[in-house]
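Going by numbering that gives the first Met the number 0, the residue at position 28 of the sequence shown is 27; the numbering climbs one at a time, nothing skipped.
C-beta atoms are modelled at their ideal positions from N, C-alpha and C, and glycine is treated no differently.
It should be emphasised that the depicted structure is a prediction, and the values quoted were computed from it without experimental measurement.
Reviewing the structure listed below.
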Amino acid sequence: MGLLLFELQMIRAKQVLVSTQTGKVNLLNYSVLKFKYQ
Numbered sequence: 000m001g002l003l004l005f006e007l008q009m010i011r012a013k014q015v016l017v018s019t020q021t022g023k024v025n026l027l028n029y030s031v032l033k034f035k036y037q
């Protein structure tokens, strides 16, 4: 039971990491576009 809970936490941590990285990429792309079209 404890192992299952641990795996769920790992999956959730990975999802948070991926969404954080995606957010950073989106922010970077937004900054580049904003800079290009000033």
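| task | State the DSSP-derived secondary structure class of Tyr29, mapped to helix, strand or coil. | result | In the structure shown, Tyr29 falls within a helical segment according to DSSP collapsed to helix, strand and coil.
| message | Can you look up Gln14 in the DSSP assignment and give me helix, strand or coil? | response | helix
| message | Given this structure, state the Cα-to-Cα distance separating Asn28 from Gln37, to the nearest angstrom. | response | 14 Å
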